[in-house]
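Trainee: Okay, handing you the structure first.
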Amino acid sequence: MIRIGVIAGDGVGPEVINVSLDVLAQVARLEGLEYSLHPVDIGGERYLKTGEVLPDSAVRDLRGMDVILLGAVGHPGVPPGVLEQGILLKLRFDFQQYINLRPVRLFPGIEGPLRGKGPDDVDMIVVRENNEDLYVGAGGFLRKGTPEEVAIQTSMNTRAGVERTLRYAFDLARRRASEGPFRGLSESDRGRGLVRQVTMVAKTNVLTFAHDLWMRAFDDVGREYPDIKSDYQHVDACCMRMVVAPERFDVIVTTNMFGDIITDLGAVLQGGMGLAASGNINPERAFPSMFEPVHGSAPDIAGKGVANPLAAILSLAMMFDHLGHTGAAGRVRAAVAGLLRQPTPRTPDLGGRATTIEVGQAVQSLIASSS
Ligand code: NAD
Ligand code: IPM
Ligand code: MN
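Mapping of the sequence shown onto numbering that gives the first Met the number 0: residues 0 to 370, in sequence order.
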């Protein structure tokens with residue numbers, strides 16, 4: 000029995016989660032998987048009604064889950080950070096989900112924004128450190144509200160936290176070797192026995208303490224993986240290259256803050272926020288991992304029924320993978336790929352006129368017809 004905690008959250012969160020739960024039910028039936036759903040009612044509405052952000056009892060309940068599905072949190076009526084920090088970041092930290100895994104893959108049939116770049120060129124995965132850096136909330140104000148005000152926000156980087164993230168990235172690169180060698184390797188790289196590549200993205204030329212630690216750890220860990228090419232890019236150049244030459248990236252490993260930023264850019268390369276999936280992973284499985292679309296609560300389109308549910312559905316596929324149900328994951332991904340090969344139905348973000356529910360139903364028909 001798979002116990003699944005569900006945080007539908009705010010805005011389009013419930014709209015996309017409901018559709019993914021329908022897909023989950025169908026795939027579980029086909030694969031003979033037993034599961035139970037444990038909805039946790041937290042988010043902006045609850046906060047505005049009761050003042051509660053994430054009660055301890057909810058954390059306890061979620062801790063007993065195998066995995067968590069999350070829609071999005073963030074509410075226009077709630078000051079920025081209250082829900083994001085109080086729910087999302089708290090769960091990522093409390094459950095030691097120190098890897099944020101964000102694939103960037105252009106599906107055939109989707110016209111990406113880059114001229115002349117197709118699915119063979121856009122196929123990378125970002126391993127974002129998810130428990131440290133500027134996200135830890137270390138800092139404070141001095142003389143707040145006065146003209147002499149000072150605000151300090153500190154980036155925390157631990158050798159152990161960085162090293163486990165780097166190791167995860169190199170292991171992932173090895174796993175990707177089963178799909179064939181990385182196409183961006185040169186003849187001479189291949190001649191040296193390299194099969195895949197990890198690009199560390201940081202800013203060693205400015206963050207000469209934090210990213211010096213990252214660089215030394217990268218060199219040390221990289222030596223343990225002689226079959227994987229170690230590559231380094233400064234984050235600014237990385238942004239430029241993701242646009243002009245996405246084909247030069249295989250696995251990217253980066254800090255929490257930079258990973259947040261470059262994965263919105265990555266989302267656009269694969270067709271937009273409506274298609275970008277992610278997993279907050281505790282690789283040791285000591286705590287539940289949490290799967291969520293990269294996008295937020297999208298207040299500008301919430302309530303209209305037109306949010307693209309595919310990012311949430313692809314996050315569900317990542318959940319199945321994490322649980323070892325690769326058959327279920329494959330069914331979901333194949334159906335999404337099949338849907339995107341057709342011109343319709345598509346939600347407005349992909350230039351179509353379909354609703355969230357219609358796209359979900361089309362995914363379900365494709366799953367049904369291929370079983
Ligand atoms: P956003 O991702 O919610 O929206 C950015 C743009 O992408 C908007 O134009 C939106 O309409 C579009 N978009 C997003 N998801 C879409 C979908 N499924 N289909 C079609 N279009 C989609 O980012 P934002 O506007 O910066 O943030 C809104 C709120 O969400 C904020 O409160 C923010 O803190 C929060 N947020 C939460 C998460 C999360 O819970 N994981 C992630 C990002 C932002
Ligand atoms: C994301 C979001 C979150 C982040 C916010 C909402 C805290 O932008 O998941 O990408 O910065 O990690
Ligand atoms: Mn983000």
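Glycine included, C-beta positions come from ideal geometry on N, C-alpha and C. Here the structure is a predicted model, which means the values were calculated and not measured.
Measuring only from the beta carbon, is G295 closer than 7 Å to any heavy atom that is part of the ligand NAD?
Mentor: yes
Trainee: For A244 and G111, I'd like the C-alpha separation in whole angstroms.
Mentor: 13 Å
Trainee: Using the beta-carbon of each residue, find all residues closer than 6 Å to any heavy atom of the ligand MN and list them in chain order.
Mentor: Every residue passing the under-6 Å Cβ criterion appears here: D259 and D263.
Trainee: Since T373 sits in a beta bridge, which residues does DSSP pair it with?
Mentor: The structure shown has nothing for residue 373, since the chain only spans 0 to 370.
Trainee: Is it the case that the region 78-92 contacts the region 317-336, given that we only count it when at least three CB pairs across the two stretches are under 8 Å?
Mentor: no
Trainee: In the structure shown, what three-state DSSP assignment does M289 receive?
Mentor: In the structure shown, M289 sits in a strand (DSSP, three-state: E or B).
Trainee: Which value, in whole angstroms, describes the spacing of the CA atoms of L184 and R222?
Mentor: 18 Å
Trainee: L23 to V149, Cα distance in whole Å?
Mentor: Put simply, the backbone Cα of L23 is about 49 Å away from that of V149.
Trainee: Taking the DSSP output, what are the residues bridged to D122?
Mentor: R104
Trainee: Using a threshold of 8 Å, state whether the C-beta atoms of V407 and T355 are closer than that.
Mentor: This structure leaves residue 407 out entirely; the chain is present only between 0 and 370.
Trainee: Could you tell me if T49 is buried or exposed, where buried requires 16 or more neighbouring beta carbons within 10 angstroms of its beta carbon?
Mentor: exposed
Trainee: Within 10 Å of its beta-carbon, does Q232 have 16 or more other beta-carbons around it, so buried, or fewer, so exposed?
Mentor: buried
Trainee: Do you know how far the Cα of G8 is from the Cα of L61?
Mentor: 14 Å
Trainee: Would V11 and S296 be called neighbours here (beta carbons separated by less than 8 Å)?
Mentor: yes
Trainee: M199 by DSSP, collapsed to three states: which one?
Mentor: Three-state DSSP puts M199 in a strand.
Trainee: Between the region 278-291 and the region 203-214, do three or more beta carbon pairs fall short of 8 Å?
Mentor: Touching, no, given that fewer than three Cβ pairs across the two stretches are closer than 8 Å.
Trainee: When you compare only the Cα positions, how much space is there between E357 and L141?
Mentor: 52 Å
Trainee: Beta strand (DSSP E) containing K386: first to last residue?
Mentor: Examination of residue 386 is not possible in this model, given that the chain is present from 0 through 370 alone.
Trainee: Using the rule of at least 16 other Cβ atoms within 10 Å of the residue's Cβ for burial, across every protein chain shown, is L165 buried or exposed?
Mentor: buried
Trainee: Cβ atoms of V234 and A168: under 8 Å apart, would you say?
Mentor: no
Trainee: Buried or exposed for G192, please, with buried defined as at least 16 other CB atoms from any protein chain shown within 10 angstroms of its CB.
Mentor: exposed
Trainee: Go through its chain and collect everything with a Cβ distance to Q363's Cβ below 7 Å, but skip five positions before and after it.
Mentor: D21, V22 and Q25
Trainee: Using only the heavy atoms of the ligand NAD, determine whether one of them is closer than 7 Å to the beta carbon of V11.
Mentor: V11: yes, Cβ under 7 Å from the ligand NAD.
Trainee: Does DSSP classify L69 as helix, strand or coil?
Mentor: strand
Trainee: Label P54 either buried or exposed according to how many other C-beta atoms from any shown protein chain fall within 10 Å of its C-beta, with 16 as the threshold for buried.
Mentor: Exposed, since its Cβ has fewer than 16 Cβ neighbours within 10 Å.
Trainee: Tell me, please, whether the region 33-46 touches the region 242-259 by the rule of three or more beta-carbon pairs shorter than 8 Å.
Mentor: no
Trainee: Report yes if the C-beta distance between R173 and R195 is below 8 Å; otherwise report no.
Mentor: yes
Trainee: Using a threshold of 7 Å, is the CB atom of P298 nearer than that to any non-hydrogen atom of the ligand NAD?
Mentor: yes
Trainee: Smallest Cα separation from A137: which of M155, K143 and V121?
Mentor: M155
Trainee: G265 lies in the beta strand (DSSP E); which residues open and close that run?
Mentor: Careful: G265 lies outside any beta strand (DSSP E), inside the alpha helix (DSSP H) at N255 to L268.
Trainee: Using a Cβ-based criterion (distance less than 7 Å to any ligand heavy atom), does D93 qualify as near the ligand GDP?
Mentor: Among the ligands present in this structure, namely the ligand NAD, the ligand IPM and the ligand MN, the ligand GDP is not found.
Trainee: When you compare only the Cα positions, how much space is there between A71 and W213?
Mentor: 30 Å
Trainee: Would the beta-carbon of I1 fall within 8 Å of that of D65?
Mentor: Going by beta carbons, I1 and D65 fall inside the 8 Å limit.
Trainee: Is V197 near D230, with beta carbons less than 8 Å apart?
Mentor: yes
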